[in-house]
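A short worksheet on the structure shown next.
In my numbering, the protein residues as written are 1 to 273.
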């Protein structure tokens, strides 16, 4: 009995410390964002929202936030277009799966500096129909996809593995082509996993800094890059506001996904009469 109580206490204490470790930096950033000081200082001397006004009236910061959002959306779209067929094939294939899956997740183990330089040298010099790829949002999204794609595949493979294999057979017996059966039968059933994979890809791109530092120009700088450049020149609470906005974007995306999951689950539940 004593050992069981001790274990429960240690378990709860460890969980509380872990939550504190995760939440405390975010809480401090949020408090500093509402500081009335001219420099980053904690504890703050007074509360004010003026730095939010400075941030949202600064065209450079807004442009960086808009760039981050666009690149993250493009990355999520590219990752899902590639991850859906690859994950479905891997989930239903057994022979070459270990080798192919290892190759697909390999970019996760490559340093971002190496990937950034490689993409800059390999794709940055390409001029596509008069459009210079270097410094473009498309190029940054391509680089981010190298990290986002393995995460999306890792989420989608278990999703497709748990699906009833007879669904495709039944759709085929009814005259549906494999492609039509995949879009009309498999994807609706696997939508929770698909949304989760897309969310992982979106957040990965939104927070990525190293590759964006090598691949962006002044016009396409992302919010993490702007944060780093601002920290080098000055340390005002405007940086905390930018961090607050970035973290808030992630939490908003997760919250919307969770709300969608909840509504979808309720719709699938049978209604009691």
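For glycine and all other residues, C-beta sits at the position ideal for the given N, C-alpha and C.
| field | residue 64, buried or exposed, once every other Cβ within 10 Å from all chains shown has been counted against 16 | value | For this step, residue 64 is matched to residue 64 along the chain shown. Burial call: buried.
| request: Leaving aside the five residues before and after residue 55 along the sequence, list all residues of the same chain whose C-beta is less than 6 Å from its C-beta, in chain order. | output: The residue given as residue 55 occupies position 55 in the chain shown. Within the same chain, residue 55 has close Cβ partners 61, 238 and 241.
| Beta carbon of residue 213 nearer than 9 Å to that of residue 122 | Counting from one through the chain shown, the residue named residue 213 turns up at place 213. Counting from one through the chain shown, the residue named residue 122 turns up at place 122. Result no, Cβ atoms of residue 213 and residue 122 do not sit closer than 9 Å.
| query | Can you tell me where the alpha helix (DSSP H) with residue 217 in it begins and where it stops? | reply | Here residue 217 is taken as the residue at index 217 of the chain shown, counted from 1. Unbroken run through residue 217: none, as it is neither H nor E.
| task | Excluding the 5 residues preceding and the 5 following residue 48 in the sequence, name in chain order all residues of the same chain whose CB lies nearer than 6 Å to its CB. | result | Along the chain shown, read from residue 1 onward, the residue named residue 48 stands at position 48. So the qualifying residues of the chain are 36.
| said: Would residue 162 and residue 67 qualify as a contact pair, given that the criterion is a beta-carbon distance under 9 Å? | reply: In the chain shown, residue 162 corresponds to position 162, counting from 1. In the chain shown, residue 67 corresponds to position 67, counting from 1. No, these two residues do not count as a Cβ contact at 9 Å.
| said: Tell me the residue span of the alpha helix (DSSP H) that contains residue 178. | reply: Position 178 of the chain shown, counted from the start, is the residue given in the question as residue 178. Its alpha helix (DSSP H) spans residues 178-181.
| field | First and last residue of the uninterrupted alpha helix (DSSP H) at residue 199 | value | On the chain shown, residue 199 is found 199 positions in, with the first residue counted as 1. Here the alpha helix (DSSP H) through residue 199 covers 191-207.
| request: Would you mind reading off the limits of the alpha helix (DSSP H) that contains residue 145? | output: Here residue 145 refers to the residue found at position 145 of the chain shown. Note, residue 145: alpha helix (DSSP H), 137-161.
| said: So, for residue 29: in the same chain, excluding its five sequence neighbours on each side, which residues have a beta-carbon less than 8 Å away from its beta-carbon? | reply: Here residue 29 refers to the residue found at position 29 when the chain shown is read from its first residue. So the list reads 240, 243, 244 and 247, once near-sequence residues are dropped.
| Contact under 9 Å by Cβ, residue 211 with residue 119 | Looking up residue 211 in the chain shown gives position 211. Looking up residue 119 in the chain shown gives position 119. Result yes, Cβ atoms of residue 211 and residue 119 sit closer than 9 Å.
| field | DSSP state of residue 35 mapped onto helix, strand, coil | value | By 1-based counting over the chain shown, the position of residue 35 is 35. Strand.
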